[in-house]
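When we follow the numbering used here, the leftmost residue of the sequence shown carries the number 1, and every step to the right adds one. For each residue, glycine too, the CB sits at the ideal point set by N, CA and C.
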Amino acid sequence: MRSGRPRDGPRGGRPRRHRRVRLSRARRSGRDDSLHDRGRLVIRRVLRAPLVLGWLLWNVVLSSWALAKEALTPGPIGTPVLVRYPMRCRTDVEITALAWAITVTPGTLVTVIGDDELWVHVVMGGPREEMIELLGHTEDRILSVLRGDER
(Lines of atoms letter the chains of each structure in order from A; the text may use other names.)
(Lines give C-alpha, C1' and ligand atoms only; values in the text may rest on other atoms or scores of the structure.)
Protein backbone atom coordinates (compact mmCIF):
# COMPACT_ATOMS: atom_id res chain seq x y z
CA MET A 1 0.00 0.00 0.00
CA ARG A 2 1.12 3.56 -0.65
CA SER A 3 1.84 6.18 1.90
CA GLY A 4 -1.18 8.01 3.21
CA ARG A 5 -0.16 11.34 1.77
CA PRO A 6 -2.28 12.36 -1.24
CA ARG A 7 -0.49 13.61 -4.32
CA ASP A 8 -2.09 16.53 -5.94
CA GLY A 9 -0.65 18.17 -8.93
CA PRO A 10 -1.68 19.38 -12.35
CA ARG A 11 -1.30 15.91 -13.86
CA GLY A 12 -3.70 14.02 -11.69
CA GLY A 13 -1.65 12.76 -8.83
CA ARG A 14 1.83 12.83 -10.42
CA PRO A 15 4.57 14.75 -8.69
CA ARG A 16 5.44 18.18 -10.08
CA ARG A 17 8.52 18.58 -12.18
CA HIS A 18 10.77 21.59 -11.98
CA ARG A 19 10.62 24.01 -14.84
CA ARG A 20 13.76 24.47 -16.87
CA VAL A 21 15.08 27.97 -17.11
CA ARG A 22 16.62 28.92 -20.42
CA LEU A 23 20.13 30.25 -20.04
CA SER A 24 22.28 32.03 -22.52
CA ARG A 25 24.64 29.83 -24.51
CA ALA A 26 27.70 31.17 -22.66
CA ARG A 27 26.19 30.50 -19.22
CA ARG A 28 24.83 27.12 -20.27
CA SER A 29 28.22 25.93 -21.49
CA GLY A 30 30.05 27.44 -18.53
CA ARG A 31 32.39 29.35 -20.82
CA ASP A 32 33.03 33.01 -21.11
CA ASP A 33 33.82 34.88 -24.32
CA SER A 34 37.60 34.75 -23.86
CA LEU A 35 37.55 30.95 -23.85
CA HIS A 36 35.31 30.92 -26.90
CA ASP A 37 37.72 33.23 -28.75
CA ARG A 38 40.68 31.11 -27.68
CA GLY A 39 38.94 28.04 -29.11
CA ARG A 40 38.47 29.79 -32.42
CA LEU A 41 42.17 30.68 -32.51
CA VAL A 42 43.14 27.06 -31.90
CA ILE A 43 40.87 25.92 -34.74
CA ARG A 44 42.42 28.53 -37.05
CA ARG A 45 45.92 27.36 -36.13
CA VAL A 46 45.01 23.72 -36.77
CA LEU A 47 43.48 24.57 -40.15
CA ARG A 48 46.45 26.77 -41.06
CA ALA A 49 49.03 23.98 -40.47
CA PRO A 50 48.31 22.02 -43.69
CA LEU A 51 48.48 25.26 -45.69
CA VAL A 52 51.89 26.09 -44.25
CA LEU A 53 53.13 22.55 -44.90
CA GLY A 54 51.86 22.80 -48.49
CA TRP A 55 53.61 26.15 -48.90
CA LEU A 56 56.83 24.64 -47.52
CA LEU A 57 56.55 21.62 -49.85
CA TRP A 58 56.06 23.97 -52.81
CA ASN A 59 59.19 25.92 -51.77
CA VAL A 60 61.13 22.64 -51.57
CA VAL A 61 60.05 21.77 -55.13
CA LEU A 62 60.94 25.23 -56.46
CA SER A 63 64.31 25.27 -54.67
CA SER A 64 65.13 21.75 -55.89
CA TRP A 65 64.34 22.74 -59.45
CA ALA A 66 66.40 25.95 -59.28
CA LEU A 67 69.36 24.18 -57.63
CA ALA A 68 69.30 21.30 -60.15
CA LYS A 69 69.10 23.74 -63.06
CA GLU A 70 72.02 25.75 -61.66
CA ALA A 71 74.08 22.61 -61.01
CA LEU A 72 73.57 21.30 -64.56
CA THR A 73 74.49 24.63 -66.15
CA PRO A 74 78.21 24.99 -66.94
CA GLY A 75 80.04 27.44 -64.73
CA PRO A 76 80.06 28.27 -61.02
CA ILE A 77 76.96 27.73 -58.89
CA GLY A 78 75.75 31.08 -57.62
CA THR A 79 77.34 33.04 -54.81
CA PRO A 80 77.21 31.33 -51.41
CA VAL A 81 76.21 33.66 -48.59
CA LEU A 82 76.29 33.26 -44.80
CA VAL A 83 73.43 35.30 -43.33
CA ARG A 84 72.86 36.27 -39.70
CA TYR A 85 69.10 36.26 -39.18
CA PRO A 86 67.68 37.94 -36.03
CA MET A 87 64.72 35.69 -35.23
CA ARG A 88 61.56 36.41 -33.25
CA CYS A 89 61.12 32.77 -32.17
CA ARG A 90 61.51 32.29 -28.42
CA THR A 91 60.54 28.74 -27.43
CA ASP A 92 62.52 25.63 -28.30
CA VAL A 93 59.64 24.32 -30.41
CA GLU A 94 59.46 27.52 -32.46
CA ILE A 95 63.23 27.62 -32.98
CA THR A 96 63.34 23.93 -33.94
CA ALA A 97 60.44 24.31 -36.39
CA LEU A 98 62.06 27.33 -38.04
CA ALA A 99 65.48 25.67 -38.27
CA TRP A 100 63.88 22.54 -39.73
CA ALA A 101 61.90 24.54 -42.30
CA ILE A 102 65.05 26.34 -43.41
CA THR A 103 67.28 23.25 -43.49
CA VAL A 104 64.77 21.05 -45.35
CA THR A 105 64.73 23.55 -48.22
CA PRO A 106 67.46 22.64 -50.75
CA GLY A 107 70.29 25.14 -50.91
CA THR A 108 69.90 26.41 -47.34
CA LEU A 109 71.39 25.17 -44.09
CA VAL A 110 71.22 26.47 -40.52
CA THR A 111 74.80 26.43 -39.27
CA VAL A 112 74.54 28.12 -35.86
CA ILE A 113 71.57 28.61 -33.53
CA GLY A 114 72.13 31.44 -31.04
CA ASP A 115 69.85 32.82 -28.33
CA ASP A 116 68.12 35.27 -30.64
CA GLU A 117 69.70 34.66 -34.03
CA LEU A 118 70.32 32.01 -36.67
CA TRP A 119 73.28 31.78 -39.02
CA VAL A 120 72.05 30.42 -42.35
CA HIS A 121 74.23 29.29 -45.26
CA VAL A 122 72.53 29.94 -48.61
CA VAL A 123 74.11 28.29 -51.68
CA MET A 124 72.54 30.52 -54.32
CA GLY A 125 72.46 33.69 -52.27
CA GLY A 126 71.65 37.17 -53.34
CA PRO A 127 71.70 40.43 -51.43
CA ARG A 128 71.68 39.84 -47.66
CA GLU A 129 68.60 42.03 -47.16
CA GLU A 130 66.66 39.89 -49.64
CA MET A 131 67.74 36.69 -47.86
CA ILE A 132 66.70 38.12 -44.48
CA GLU A 133 63.32 39.10 -45.96
CA LEU A 134 62.77 35.57 -47.32
CA LEU A 135 63.73 34.05 -43.96
CA GLY A 136 61.29 36.47 -42.31
CA HIS A 137 58.45 35.18 -44.52
CA THR A 138 59.30 31.62 -43.49
CA GLU A 139 59.32 32.61 -39.82
CA ASP A 140 55.96 34.39 -40.23
CA ARG A 141 54.41 31.21 -41.63
CA ILE A 142 55.84 29.03 -38.86
CA LEU A 143 54.73 31.42 -36.11
CA SER A 144 51.25 31.72 -37.62
CA VAL A 145 50.76 28.04 -36.82
CA LEU A 146 52.59 27.87 -33.50
CA ARG A 147 51.43 31.16 -31.97
CA GLY A 148 48.29 31.96 -33.87
CA ASP A 149 47.54 35.61 -34.60
CA GLU A 150 50.00 37.07 -32.08
CA ARG A 151 53.14 37.33 -34.20
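Determine the contact status of Ile132 and Leu98, defining contact as a CB-CB distance below 9 Å.
-> On the sequence shown, residue 132 is found 132 positions in, with the first residue counted as 1. On the sequence shown, residue 98 is found 98 positions in, with the first residue counted as 1. Result no, Cβ atoms of Ile132 and Leu98 do not sit closer than 9 Å.
So what's Thr73 in DSSP terms, helix, strand or just coil?
-> By 1-based counting over the sequence shown, the position of residue 73 is 73. Correct three-state label for Thr73: coil.
Can you tell me which of the three DSSP states Leu146 falls into?
-> For the purposes of this step, residue 146 is taken as residue 146 along the sequence shown, with counting starting at 1. Residue state, collapsed to three classes: helix.
Coil, strand or helix - Thr105 by DSSP | Counting from 1 along the sequence shown, the entry for residue 105 is found at position 105. DSSP places Thr105 in coil when its eight states are reduced to three.
Terminal residues of the continuous beta strand (DSSP E) containing Arg84?
-> Start at 1 with the first residue of the sequence shown, and residue 84 comes out as number 84. Arg84 -> beta strand (DSSP E) spans 79 to 86.
Please classify Val83: is it buried, with 16 or more other beta-carbons within 10 angstroms of its beta-carbon, or exposed?
-> If you number the sequence shown from 1, residue 83 lands on position 83. Buried is the call here.
Using a Cβ-Cβ cut-off of 6 Å (strictly less than) and excluding sequence neighbours within five positions of Ile95, which residues of its own chain qualify?
-> Position 95 of the sequence shown, counted from the start, is the residue given in the question as residue 95. If we look at Ile95 and ignore the five residues flanking it on each side, its Cβ neighbours are Cys89.
May I ask you to list the residues that DSSP assigns as paired with Val112?
-> Sequence index remark: in the sequence shown, residue 112 carries index 112 (1-based). Partner(s): Trp119.
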